[in-house]
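**Q** Starting off with a structure, shown below.
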Amino acid sequence: FPRNVPIIIASATFPEHVLEDIRLKLKLSRSCKIVSLSNERPNVALSVREMKYSDESKADLRFLIPLGASKPQDINITLVYCNQRTATEDCTDRLRSWADDEGIDPTCIAFYHAKVGAKRKREIEEQLAKGELRIVVCTDAVGMGCDMRNIARVVLWGLPPSFCAFVQRAGRAGRDFKSLGEAILIVPSSIYKAGTSEEELESELRRSTGTEEYTEAENRGEDSEDVLINAGIEVTSSEGIRISAEHGEESDDEDGLNERKKTLKEANTHEARFLSMYVCSKHCRQKVWNRFFKNHEKLQLSYPTTTSYQKLPGTRCCDNCEPDKFPIEKIVLSKVPGLKRGKKKNVPKEQEDKLWNVLKEWRDTDLLEHLYPGLSSISGRTILGDDIVEKIVCCGERLKTYDELRQHARWALGHDDNSGGPSEIGRMLLDVLGKVYQQFDDEETEAAARRQKSREYTFVTISPESFYQKLPARKRGTGRSNDHDDLSGEDRDLNSETVLEPVTARGRGRGRGQPRGSRGTSTRGRRGRSVGPS
């Protein structure tokens, strides 16, 4: 890096391996000045909760709407972090429903992720700063460059992608050291009881960044990518998690590759171990935080020299140190809503293929032209992801209403946040689906008519009298007609269908009138006459 250019690099969540990586990338000398200050947050109370109810019900978030609340101001301003975009919308739906049950305006709750339009994002940020929004369910997109100082509580729904990501999310609470904050991590019971392994961490990272097979396109990478980069972690399809080092000018020889793999392994193990320690620890959770960042080796928080923080009345440490100060509400679950689950109905493969092709063509032509006329730098897939199309096509049902559509797929651009119904392009999607379903009905009607027509045959009833009348006289013992060659086509057909009764031949020799060497059965009567009229 040019020596005559001053540079400063700052972050509250740089672990050692990331600092070393930055130094190598920028070719900074080891003599460069590093100012290390503790990132301890004593004004943020830490706790971990076990997920006791199903993920679909979201019942473990019910405590966010406090008992007896009657207006938005009764709800603490809260950020709820999710690892997937669809989860933000599902959680928002449930929280709004609970707020409405209590007579609270549900519009005080919103979701925020990378697919939300820029205008709507600015509205959410302004409403949150003014206190008009009380709960924002979000991905990491809400934290990029934001310095919101009125956030009282942060809830993490599910295991975060890294320990650094956890600290960054938790750090959104109580940004103003003159106020108290709280960070609550809610994890599945399996992780709460047994912790998390390196493999589980890798799986979570893949899920969060969209590299896992079958991951929903609607949940892909932009939201958490920056957080992982800040943590020094990169996710690839072939090698899993690795420390970003490919674009530097380091040696690509075998020794360098082995060294990077070693660093990768150590970083993964380090992240997994501390996430597990934090979740399962029976001791102070603040100490796990401090150990991860080695805060004991850094400048300590000392008022007024290194911090403006002064201990406030009511300060809490964590649920392990002061369990009585972290009560857990009892939730009674009466109904489990959410995306529709269960065995899907059988739909012809041809119809699924046709619907898939129609939706892809619509998003690449009409939808793209409607939203971005004349713009060629964006694709229809960016607007309507393959995961949404797949859910619509493969759900096994015809989605004729918006409620039915929302039961199977959550498309942010198709939803009007203000009305709770479909947006303009959401209605366009329903129109397209309706036309395709009508084509299916028309094709099924035509196919049924063809099948019915193919079953309609003309049957001719032949009485015994008419049957025998059409048979000509036959020569005695030959079974052949005297005038066989003169039969009309109709008579010939009738004659060919005459059934002769087989009669077992007597004696050991051949039957009378049969060719030499023939044995067994004879088509002749006992007196050598043909069976049938003479």
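In terms of the numbering used here, the sequence shown is residues 497 to 1030.
Virtual Cβ for every residue (Gly too), placed ideally from N, Cα, C.
Classify Thr635: buried if its beta carbon has 16 or more other beta carbons within 10 angstroms, exposed otherwise.
**A** buried
**Q** Which complete beta strand (DSSP E) runs does the stretch 569-620 hold, if anything under 3 residues is left out?
**A** 574-578, 605-608
**Q** So what does DSSP say about Glu818, is it helix, strand or coil?
**A** It is coil, neither helix nor strand.
**Q** Contact check, Leu909 vs Val885 under 8 Å by CB: the rounded distance?
**A** Their Cβ separation, rounded to whole angstroms, is 13 Å, which puts Leu909 and Val885 out of contact at 8 Å.
**Q** To the nearest angstrom, report how far apart Pro819 and Lys778 are at their CA atoms.
**A** 11 Å
**Q** On a CA-only basis, which of Arg630, Leu929, Gly667 is nearest Arg859? Give me that one, please.
**A** Measuring from the Cα of Arg859, the nearest candidate turns out to be Leu929.
**Q** One question on the structure: do Arg616 and Pro602 come within less than 8 Å of each other, judged by their Cβ atoms?
**A** no
**Q** Opposite Glu678 in the DSSP bridges: which residues?
**A** DSSP lists Ala541, Arg649 as partners of Glu678.
**Q** Would Leu652 and Leu771 qualify as a contact pair, given that the criterion is a beta-carbon distance under 8 Å?
**A** In this structure, Leu652 lies away from Leu771, with their beta-carbon atoms at least 8 Å apart.
**Q** What residues match up with Met547 in a beta bridge as DSSP calls it?
**A** By DSSP's assignment, Met547 forms a beta bridge with Pro684.
**Q** Expressed to the nearest angstrom, what Euclidean distance is found between the alpha-carbon atoms of Lys807 and Asn791?
**A** 19 Å
**Q** Taking the Cβ atom as the reference point for each residue, do Ala541 and Cys813 lie within a distance shorter than 8 Å?
**A** Contact: yes.
**Q** Could you tell me which residues DSSP pairs with Ile631 in its beta bridges?
**A** Thr574, Ile605
**Q** CB Asn539 to CB Gly677, shorter than 8 Å?
**A** yes
**Q** Please work out which residues of its chain come closer than 6 Å, Cβ to Cβ, to Gln623, disregarding the five sequence neighbours upstream and downstream, and give them in chain order.
**A** Leu629
**Q** Express the C-alpha separation of Lys548 and Gly810 in angstroms, rounding to a whole number.
**A** 28 Å
**Q** Taking 8 Å as the threshold (C-beta atoms), are Arg902 and Ile682 in contact?
**A** It is not a contact, given that the beta carbons lie outside the stated cut-off.
**Q** Going by DSSP in three states, Pro470 sits in which element: helix, strand or coil?
**A** In this structure the chain extends from 497 to 1030, so residue 470 is not present and cannot be described.
**Q** Could you tell me the distance, in whole angstroms, from the CA atom of Thr861 to the CA atom of Asp883?
**A** 19 Å
**Q** Counting along the chain, where does the alpha helix (DSSP H) carrying Thr941 start and finish?
**A** 920-950
**Q** Assess, as a yes-or-no matter, whether the stretch 606-613 is touched by the stretch 549-557 under the definition of 3 or more beta carbon pairs within less than 8 Å.
**A** no
**Q** Leaving out five residues before and five after Ile879 in sequence, what residues of the same chain have Cβ atoms less than 7 Å from its Cβ?
**A** Arg859, Leu863, Leu864, Leu867, Leu909
**Q** Any chance the CB of Pro602 is under 7 Å from a heavy atom of the ligand FAD?
**A** What this structure holds is no ligand at all, so the ligand FAD is not there to describe.
**Q** Would Arg671 pass as a contact of Ile647 if the rule is Cβ separation under 8 Å?
**A** yes
**Q** Please determine, among Glu621, Glu598, Cys578, the residue with the shortest C-alpha to C-alpha distance to Ile680.
**A** Cys578
**Q** Measuring straight from C-alpha to C-alpha, what distance separates Lys850 and Val632?
**A** The alpha-carbon atoms of Lys850 and Val632 are separated by roughly 39 Å.
**Q** For Val663, which of Glu767, Tyr933, Gln796, Pro684 has the nearest alpha-carbon?
**A** Looking only at Glu767, Tyr933, Gln796, Pro684, the smallest Cα-Cα distance to Val663 is reached by Glu767.
**Q** What separation, rounded to the nearest whole angstrom, lies between the Cα atoms of Glu961 and Asp938?
**A** 49 Å
**Q** I need the straight-line Cα distance from Leu515 to Ala669, nearest angstrom please.
**A** 25 Å
**Q** In this structure, does DSSP put His904 in helix, strand or coil?
**A** helix
**Q** Helix or strand or just coil, what does DSSP make of Leu909?
**A** helix
**Q** Within the same chain, show all residues whose beta-carbon is closer than 8 Å to that of Arg988, passing over the 5 residues directly before and after it, in chain order.
**A** At Arg988, the pLDDT of 45 sits below 50, so the modelled position is not reliable; the number obtained from the coordinates is stated separately. Cβ neighbours of Arg988 beyond the five flanking positions: none.
**Q** Would you kindly work out how many angstroms separate the C-alpha atoms of Glu512 and Thr765, rounded to a whole number?
**A** 14 Å
**Q** How is the alpha helix (DSSP H) around Ile879 delimited, first residue to last?
**A** 876-879
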